[in-house]
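Going line by line, the protein sequences match chains A and B. Counting from 210, one number per residue, gives the positions in the first sequence under our numbering. Counting from 157, one number per residue, gives the positions in the second sequence under our numbering. Backbone N, C-alpha and C fix where the C-beta goes; we use that ideal spot for every residue, glycine too. All values reported here derive from a predicted model rather than from experimental measurement. Below you'll find the structure, written out as structure tokens, and then a few comments.
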Amino acid sequence: MLNTLLPVLLFTALGLAVLGALRRVRLWRQGRPSKVDLIGGLLAMPRRYLVDLHHVVGRDKYMSNTHVATAGGFVLSALLAILVHGFGLHNQILGYALLVATVLMFGGALFVYKRRLNPPARLSKGPWMRLPKSLLVFAATFFIATLPVAGILPEGTGGWILVALLGLGVVWGVSEMFLGMTWGGPMKHAFAGALHLAWHRRAERFGGGRSTGLKPLDLEDRSAPLGVEKPKDFTWNQLLGFDACVQCGKCEAMCPAFAAGQPLNPKKLIQDMVIGLAGGTDARFAGSSYPGKPIGEHGGNPHQPIVNGLVDAETLWSCTTCRACVEECPMMIEHVDAIVDMRRHLTLEKGATPNKGAEVLDNLIATDNPGGFAPGGRMNWAADLNLTLLSEAKATDVLFWVGDGAFDMRNQRTLRAFVKVLKASGVDFAVLGLEERDSGDVARRLGDEATFQQLALRNIQTLGNYAFKRIVTCDPHSFHVLKNEYGALGGMYQVQHHSTYIAELIAASKLNLGQHKGGSVTYHDPCYLGRYNGEYEAPREVLRALGIKVREMQRSGFRSRCCGGGGGAPITDIPGKQRIPDMRMEDIRETEAELVAVGCPQCTAMLEGVVEPRPLIKDLAELVADALLEEEAGSPAVKVQPARRKPAEVH
Amino acid sequence: MNTKVISLVSIGAHPGSGRTRRAEQDARAVELGLQLAGQHLQVVHAGDPREEALRAYLGMGLDHLDVLEQPAGADVLGVLGDYLRDAGAQLVLTGSQAETGEGSGMLPFLLAERLGWPLIVGLAEVESIENGTAQVLQALPRGQRRRLKVRLPLLATVDNAAPKPRQSAFGPARRGVLAARNVMVTQDELLTGAELQPARPRPKRLKVIKAKSGADRMKAATAKASGGGGKVLKEVSPQEGAEAILKLLVEEGVIR
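Written out as structure tokens, the structure is:
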């Protein structure tokens, strides 16, 4: 009896699953076209899954082993079950193989079950709580149903009661595992996830690559929408990517805005996009909500504007674009791209950049710097430094990209320190001077792609006039934009962060360095240097060269917590329960370091904004400049005693 | 609201970089107009229709902007007056002073004189428009407001007391139409005939502070600028009044 029941159940489930798959594909195809290598992607998918994705999942050994056992066991069981029970190939060897596969799956599922006994807040509940039971039922049912095939039990054992029980088990198991995969159950992640890996919008990320630059909008194409207004304005593979989410909440656990109580939760955002593509409300979402926003009040569909229906604008403006979510995501979903796409619509079409956003963008348009300072003052910080201007020299080895920190008195100290280091090393360097403009980073993160492209194209044009071997900058944001985002607009350069360059200078023994004097030091990884560009080592090498043993923070390297200064977040300034830099300062205090080394003007500003008492904040360039040993010039230098002055009286 | 609202705009210049932009006060005039008339707001510029800075006004959400084509140095008073009268304008809004060109701030006055309309300086808010009369708030120094009832049609200038202009967005700015209109060109006789020279800074009234304590200095620093002296003349003949004013001006050194 089981021999007729099982094939019927299996093939019905498979048939319905195929229908569900077709429906799901149609949902994704509501998105806009995207250039993707369909066949090549599919061929590359197994490798992307087994190597690249596993590399991310493998950071959590418990979960990766559990997943290998469960998923591996399931795939094997499903294939063998179709052969053995579907096509009736009652071969003893196949039977034993199926038994082993189901045992493997059962073992894995037990660990899934165990983790679900007391799940952390980041995990979604709801249907996900049912999944381990479904996995266990699937594995157990097929194990028992296969015992006779393997010859362990005689045919017909247990009579019709067992047959009925097994039938029920199979119905439950295949409903969850086959139907659920394409009709929207928790197992959807396997189906959508596999295709998402195949047709990922950043194929460069696989095979150890890195792809973090935002994709440009084609402003020449008047028919293309300026950013994303409705879910259907995403490209189809972005929609597919949202669908791949497993709701593991690793993004939520790392998101600085979520931790600060700002109304953003990357996991919920992705789930809201899934609601947007399939239609409905968020009432059934079983995870943490956006802080301060109750669940069940938002909904949408592919043809309805996202903002103020599905998602509130503050949610999008809370993001610091720190990429911690993308770095953590075991499905390699691109949260930041989606957020910036939606911001583009708000800024370019609605003119709805909140708080100081509009003013900053106007300033960038009118003065090429976000502060609205007269452009003629861009080189005031170096008035006494006699820097070589490229407009005079025409060619140089190192082009020192100053950045907008030139207008900020705190950052000017960093810039002057770096100039001191450059001069001490004796390298040939020059600056653009008044010809330099804002790199466009802030404009782009605020969604103003038009202003970004205008600034970028003008900078590229200026850079095209001169010959230089490399660009070095103290600002990781300029660094990232010049290195990774100008390329799409025709500007290809070798760009280095000053930490990388100083590390090179030290390695080449071009700097005569003493030791750092001044207590213990920790190092804060800037997002745009670390996660965006993978540079974790050079700053630490520089610190080591100064004789500093870095007291690492709990969250450092690729898990570094954002200072709160990226993505225009200080400009849009969405209120939360606490400030992100305060949280980061807590991380720093835990190390009991007296000084925190930074490599980014934004981080410096954000961390120095934390009220004292707190550790000192110094840029790497400042630390290096302080440790430089001045070479004694030929004649004994006469030390000029500063005139002794009476301290000013204060009454 | 069915009142025909028209905002007059000019080309602005950023004080730091000198780059052209939407003029700060004119943008406020557009903002106020949009709040009053929404999509029915009509916006006009007299000048060069190819000037890209005009698109910044379109970016505030306008479909089109009428440009009365005029060469640099033309007297736009006549064409603007004709345009406003032909369009049947009821409420005309404009910034107090242009950021480029002569920037004399005289245009609203001359225009109001030419049209024979009342002029409100420093309009902060339009409270209501009923039966051809507008009830408005006029901004006075130190955050004071004066409620006025004025019959339409009227011309009003806005300054920084008017609502902040909304952000100019790229999409509408690119889509919007700069509709050029061919109109008569009048040479600005005054400008061509007269000689321009840099303005001298206005002399400042000397403030003698006799305060002894910090609190007194604070009081003096924040006190009203108007002197305590002065006279209130009541029921005097125009002749006597004018003489009193002239005497004061001579005393103060305004007229020598």
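Residue span of the beta strand (DSSP E) that contains residue i, given as start and end
i, result
"Q705/A", "V704 to H706"
"Q811/A", "First-last for Q811/A: P810 to E817, but that is the alpha helix (DSSP H), not the beta strand (DSSP E)."
"S163/B", "V161 to L164"
"S284/B", "L279 to E286"
"R178/B", "T176 to R178"
"L256/B", "Here residue 256/B is Thr; the residue named in the question, Leu, does not match the sequence. Premise fails: T256/B is in no beta strand (DSSP E) and is neither H nor E."
Alpha helix (DSSP H) segment containing residue i, residue limits
i, result
"D222/B", "From DSSP, D222/B is part of no alpha helix (DSSP H) but of the beta strand (DSSP E) over H220 to E225."
"F616/A", "No alpha helix (DSSP H) contains F616/A, which DSSP labels as neither H nor E."
"W526/A", "A522 to W526"
"L308/B", "Premise fails: L308/B is in no alpha helix (DSSP H) and is neither H nor E."
"H512/A", "Run containing H512/A: none; DSSP gives neither H nor E here."
"T447/A", "Here the sequence assigns Gln to residue 447/A, which means Thr is not the residue at that position. Segment W445 to D452, the alpha helix (DSSP H) holding Q447/A."
"G327/B", "F326 to R331"
"V545/A", "H544 to H554"
"A533/A", "A533 to E537"
"Y239/B", "L233 to A243"
"V751/A", "E746 to A754"
"K827/A", "First-last for K827/A: L825 to D828, but that is the beta strand (DSSP E), not the alpha helix (DSSP H)."
"L263/B", "L263 to L271"
Whether residue i touches residue j by CB criterion (8 angstroms)
i, j, result
"F351/A", "L307/A", "yes"
"L519/A", "I479/A", "no"
"T660/A", "L573/A", "yes"
"R770/A", "M794/A", "no"
"D684/A", "P810/A", "yes"
"G649/A", "M588/A", "no"
"G501/A", "K477/A", "no"
"A202/B", "Q181/B", "no"
"F347/A", "M386/A", "yes"
"G505/A", "D521/A", "no"
"V321/A", "T279/A", "yes"
"L755/A", "L832/A", "yes"
"V751/A", "I711/A", "yes"
"L236/A", "A487/A", "yes"
"L829/A", "A802/A", "no"
Buried versus exposed, by CB contacts within 10 Å (16 or more), residue i
i, result
"V200/B", "buried"
"M541/A", "buried"
"K305/B", "exposed"
"Q456/A", "buried"
"D593/A", "exposed"
"T275/A", "buried"
"D546/A", "buried"
"K848/A", "Per-residue confidence for K848/A stands at a pLDDT of 49, beneath the threshold of 50, marking its modelled position as unreliable; the derived number appears in the next sentence. Exposed: under 16 other Cβ atoms inside 10 Å."
"R257/A", "buried"
"Y271/A", "exposed"
"N578/A", "buried"
"Q459/A", "According to the sequence shown, residue 459/A is Lys rather than Gln. Its Cβ being crowded by 16 or more others within 10 Å, K459/A is buried."
"S260/B", "exposed"
"G272/B", "exposed"
"N338/B", "exposed"
"I515/A", "buried"
Beta bridge counterpart(s) of residue i as assigned by DSSP
i, result
"T660/A", "DSSP, once it has assigned bridges, lists no residue as partnering T660/A."
"H201/B", "V223/B"
"W610/A", "T682/A"
"I167/B", "R178/B"
"Q467/B", "Shown here, chain B extends from 157 to 412; a query on residue 467/B therefore has no answer."
"T731/A", "V805/A"
"A676/A", "A604/A"
"V314/B", "G251/B"
"R337/B", "L224/B"
Residues of the stretch 546-560 of chain A with a CB closer than 8 angstroms to any CB of chain B: list them in chain order, please.
Flagged, chain order: T556, L557, E558, K559 and G560.
Interface residues of the stretch 158-184 of chain B facing chain A [CB-CB below 7 angstroms]
H170, G172, S173, R175 and R177
Looking at chain B, which residues of the stretch 641-668 of chain A have a Cβ within less than 9 angstroms of any of its Cβ atoms?
Correct list: D657, E658, A659 and T660.
Residues of the stretch 425-439 of chain A with a CB closer than 7 angstroms to any CB of chain B: list them in chain order, please.
Correct list: L435.
Against chain A, which members of the stretch 209-228 of chain B pass a CB distance test of less than 8 angstroms?
G215, M216 and G217
Listed in chain order, which residues of the stretch 560-582 of chain A have Cβ atoms closer than 8 angstroms to some Cβ of chain B?
G560, A561, T562, G566, A567, L570, D571, I574, A575, T576, D577, G581 and F582
Quick one, which residues of the stretch 309-324 of chain B are near chain A if we go by CB-CB under 7 angstroms, in chain order?
R322, Q323 and S324
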